[in-house]
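Participant: A single structure is presented below for examination.
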Amino acid sequence: MTEDRGKPAKAWSGVFTEATDSRMERFSESVSFDKRMYEQDIRGSIGHARMLADVGLLQREEFESIERELNAIKDRIEQGDFEFSFALEDIHMHVEKALIDKLGDVGRKLHTARSRNDQVSTDFRLWIRDAIDNLDVLLAELQKAFVGRCDGDFDVVIPAYTHTQRAQPVLAPHVWLAYVEKLQRDRERLADCRKRVNALSLGSAACAGTSLPIDRTKTAEYLGFESIVANSVDASSDRDFATEFAYDMTQIAIHLSGWAEDWIWQSTVEFGFLKLPQSFCTGSSIMPQKVNPDVLELIRGKTARVAGNLQSLLMLTKGIPLAYNRDLQEDKEPVFDSYDAVSASLALAAPIAAQTVLNRETIAERLDKGYLDATSLMEYLIRKGVPQRSAHGIVGRLVRRGIESGKALSEFPLETFREASEFVDENVYDYLGAVNAVKAMKSYGSTAPDQVRFQIDAWKKRLGL
Ligand code: ARG
Numbered sequence: 299m300t301e302d303r304g305k306p307a308k309a310w311s312g313v314f315t316e317a318t319d320s321r322m323e324r325f326s327e328s329v330s331f332d333k334r335m336y337e338q339d340i341r342g343s344i345g346h347a348r349m350l351a352d353v354g355l356l357q358r359e360e361f362e363s364i365e366r367e368l369n370a371i372k373d374r375i376e377q378g379d380f381e382f383s384f385a386l387e388d389i390h391m392h393v394e395k396a397l398i399d400k401l402g403d404v405g406r407k408l409h410t411a412r413s414r415n416d417q418v419s420t421d422f423r424l425w426i427r428d429a430i431d432n433l434d435v436l437l438a439e440l441q442k443a444f445v446g447r448c449d450g451d452f453d454v455v456i457p458a459y460t461h462t463q464r465a466q467p468v469l470a471p472h473v474w475l476a477y478v479e480k481l482q483r484d485r486e487r488l489a490d491c492r493k494r495v496n497a498l499s500l501g502s503a504a505c506a507g508t509s510l511p512i513d514r515t516k517t518a519e520y521l522g523f524e525s526i527v528a529n530s531v532d533a534s535s536d537r538d539f540a541t542e543f544a545y546d547m548t549q550i551a552i553h554l555s556g557w558a559e560d561w562i563w564q565s566t567v568e569f570g571f572l573k574l575p576q577s578f579c580t581g582s583s584i585m586p587q588k589v590n591p592d593v594l595e596l597i598r599g600k601t602a603r604v605a606g607n608l609q610s611l612l613m614l615t616k617g618i619p620l621a622y623n624r625d626l627q628e629d630k631e632p633v634f635d636s637y638d639a640v641s642a643s644l645a646l647a648a649p650i651a652a653q654t655v656l657n658r659e660t661i662a663e664r665l666d667k668g669y670l671d672a673t674s675l676m677e678y679l680i681r682k683g684v685p686q687r688s689a690h691g692i693v694g695r696l697v698r699r700g701i702e703s704g705k706a707l708s709e710f711p712l713e714t715f716r717e718a719s720e721f722v723d724e725n726v727y728d729y730l731g732a733v734n735a736v737k738a739m740k741s742y743g744s745t746a747p748d749q750v751r752f753q754i755d756a757w758k759k760r761l762g763l
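In C-alpha cells, the structure reads:
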C-alpha cells in the first residue's frame, strides 16, 4: 500500500480548493480491507454497465471495452500486479481509476446513475451472498461427518448429561444427530438471511434515485438478485442484512463452542470417552505426556470475537440517521472477521468429528454407574399404574439404598423391589441397566433404536449420503 502516488486528483475534488490532509486519508481509507470485495465490485460494475448499454446510456462498443478492461483489472489484481493507495480511499475508486487510466472518457461513463453509496451496498450484498453459499457447504460437510459415523457407533450407549450430571442413557448416534439438527437450523437461518441479502441496492444512487432512464430489473437479472430494494433512501442507509448475517454466524460459533466443550471434557483422562485425532492436537514443550485439544479450544475461543463482531454491528448502526453515513464503512471488518473465524472453524470441525474415536471399553465399563436407568424404572412403575410422583419417590428411595450398599439397581434381588412396590414383576430386569433403558424407549424423537435408525436414514437421504 503506498501513501500516495503523486496525489491523484480525487474523483470528488471539483468543489475543493485545499488538498486532503494525508492523516485524514490514512484514517478514512477502507481499501486496506474492502479490496477483499474486488471481484464483487467488478462483477457489479459489469452488470451495471450492461444495463446502461441496454437503455442507451452507453454505446454497445463502450460497454464491451468497459467489460474487457474490468476483467483485465480483475486479472491484474489476482496476479498481484495492481497498486493500491490510501489516497484512492476504497476499492470502488481503485477499480474506476484504473479503468479511466485505460479508457479515458469511456471509463468516466461507468459511474453514470450510480453512487458509491449504492455501489458499496451492492458489493457487500454480493460478497455476503457468496459467503452464505460457502458456509452452507461447510455446514453440510460437518453434518455429513457426524451422520457418517452414526452406523459405526450405532451399538454404543453413552450417558446423556443434564447439569453435567449423568442423566439418561442414549445411543451415541442420537447425540451426533443432536449436533446435526443444530447445524441444520444454522443452514436454514442462513438461507432465510440470504433472501434479504439478495436484493439489489444499485440504482438507488446516492439516496434519491436518478433522473436517468435506468432499468433496475435488468441490473437485478444480470447480478442474480431476486428482488430490488424498493426505496432509495432505505437502500443506502441500512446494513441490517449484514447484522443478520453476523448473528447467524454467531449462532454457528455458539453451537460449535458447545460441541467443542463437550468433546474437550469427554477426551480428558477423567472421562476417557473419546480419543481425538492427534493430527489436530498439540503437545506440550515441558510435559511430555500431553496431547492437547487446541483446535477445539480455539473453536470455542473464536466464539468470543464472532459474538463481539455482532455487537460491533449493532452498535455501529444504532441511531444512524438516514441515509448513507460514513460510519457504515465500519461494517465490513467485523463481517469479514466473523466469516474467517467461522469458516475456518467449520473446516476443521469436520475432520475432527469424523476421525475422533470412541473408547468403547471405558464407556461400557462405567456405563452402569450413576443410575442412568432410574427413570426407566420409574416409567416401568407408571406403566403399572403407579402415579408419577409416587413412582419417583419409590425409585428415589431405591437409588438411595443402592448408593448406601454400593449396588446398581439391576443388582437388587426381586424382593427388594417388591418391598418397595407390589407392582414390580420379574420382568423389571428387562428395563434395568443402561442398555435396556435405551431399548425401552418409544417416543418420536427419542433415543429408541428404531427412532434413531429412522433419523439416521432420513439424514443420509437429506445429505445425499
Ligand atoms: N468506502 C465507503 C464505504 O465503505 C464507500 C462509500 C463512500 N461514499 C461516500 N459518499 N463517501 O462506505
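Per this note's numbering, the sequence shown starts with residue 299, numbered consecutively. Don't be surprised by glycine CBs; every beta carbon is placed ideally from N, CA and C.
1) If you draw a straight line from the alpha carbon of residue 519 to that of residue 499, how long is it in whole angstroms?
2) Check for me: the beta strand (DSSP E) holding residue 455 runs from which residue to which?
3) Please specify which runs of the alpha helix (DSSP H), each continuous and at least 4 residues long, are wholly inside the segment 691–741, giving them in chain order.
4) Quick check: what's the CA-CA separation for residue 590 versus residue 599?
5) Any contact of the segment 611–621 with the segment 673–683, i.e. 3+ C-beta pairs under 8 Å?
6) So residue 343 and residue 436 are in contact, right, with Cβ under 8 Å, and what is the actual spacing, rounded?
7) With three or more C-beta pairs closer than 8 Å as the rule, is the segment 419–430 touching the segment 355–372?
8) For residue 478, I'd like the list of residues in its chain whose CB is within less than 7 Å of its CB, leaving aside the five on either flank, ordered along the chain.
9) Work out the CA separation of residue 553 and residue 314 for me, nearest whole Å.
10) Rounded to whole angstroms, what is the Cα-Cα separation between residue 299 and residue 321?
11) Under 7 Å from any heavy atom of the ligand ARG, does the C-beta of residue 414 make it?
12) May I ask you to check if the CB of residue 627 is nearer than 7 Å to at least one heavy atom of the ligand ARG?
13) Count the other CB atoms, across all protein chains shown, that sit within 10 Å of the CB of residue 345; report buried if there are 16 or more and exposed otherwise.
14) Classify residue 584 as helix, strand or coil using the three-state DSSP reduction.
15) Going along the chain, which residues of its own chain have a beta-carbon closer than 6 Å to the beta-carbon of residue 521, five neighbours each way excluded?
16) Do residue 611 and residue 508 have their CB atoms nearer than 8 Å?
17) Between residue 569 and residue 658, what straight-line distance do the alpha-carbon atoms span, to the nearest angstrom?
18) Counting along the chain, where does the alpha helix (DSSP H) carrying residue 609 start and finish?
19) What residues in its chain sit with their C-beta under 7 Å from that of residue 673, if we drop five residues either side in the sequence?
20) Hey, would you say the C-beta of residue 387 is under 7 Å away from at least one heavy atom of the ligand ARG?
21) Residue 418: beta carbon under 7 Å from a heavy atom of the ligand ARG?
22) Hey, how far is the Cα of residue 459 from the Cα of residue 718?
23) Let me know the secondary structure DSSP gives residue 414 once reduced to three states.
24) Looking at the structure shown, is residue 266 part of a helix, part of a strand, or coil, going by DSSP?
25) By DSSP, does residue 363 sit in helix, in strand, or in coil?
26) Report yes if the C-beta distance between residue 594 and residue 561 is below 8 Å; otherwise report no.
27) Since residue 464 is in the beta strand (DSSP E), which residue starts that stretch and which ends it?
28) Can you tell which of 727, 726, 751, 350 has its C-alpha closest to the C-alpha of residue 517?
29) If you reduce the DSSP assignment to three classes, tell me which class residue 435 lands in.
30) Just to confirm, is the Cβ distance from residue 503 to residue 413 under 8 Å?
31) Whose CA, out of 497, 643, 486, lies closest to the CA of residue 596?
32) If you reduce the DSSP assignment to three classes, tell me which class residue 498 lands in.
33) Can you tell me whether residue 667 is helix, strand or coil according to DSSP?
34) Under 7 Å from any heavy atom of the ligand ARG, does the C-beta of residue 485 make it?
35) Pull up the distance between the alpha-carbon of residue 709 and that of residue 701, whole angstroms please.
36) Applying the criterion that 16 or more other CB atoms from any shown protein chain within 10 Å of the CB defines a buried residue, is residue 527 buried or exposed?
Facilitator: According to the structure shown:
1) 13 Å
2) 455–460
3) 712–718, 732–737
4) 15 Å
5) no
6) That belief does not hold up - the Cβ atoms of residue 343 and residue 436 are roughly 29 Å apart, past 8 Å.
7) no
8) Correct list, in chain order: 441, 444, 445, 757.
9) 52 Å
10) 15 Å
11) yes
12) yes
13) buried
14) coil
15) 345
16) no
17) Looking at the two C-alpha atoms, the distance is approximately 12 Å.
18) Unbroken alpha helix (DSSP H) run through residue 609: 592–615.
19) 466
20) yes
21) yes
22) 27 Å
23) Note: residue 414 maps to helix in three-state DSSP.
24) No information on residue 266 is available, as it lies outside the stretch 299 to 763 that the chain covers here.
25) Shown here, residue 363 sits in a helix according to DSSP, grouped into three states.
26) yes
27) 463–469
28) 350
29) helix
30) For residue 503 and residue 413, yes; Cβs fall inside 8 Å.
31) 643
32) strand
33) coil
34) no
35) 12 Å
36) buried
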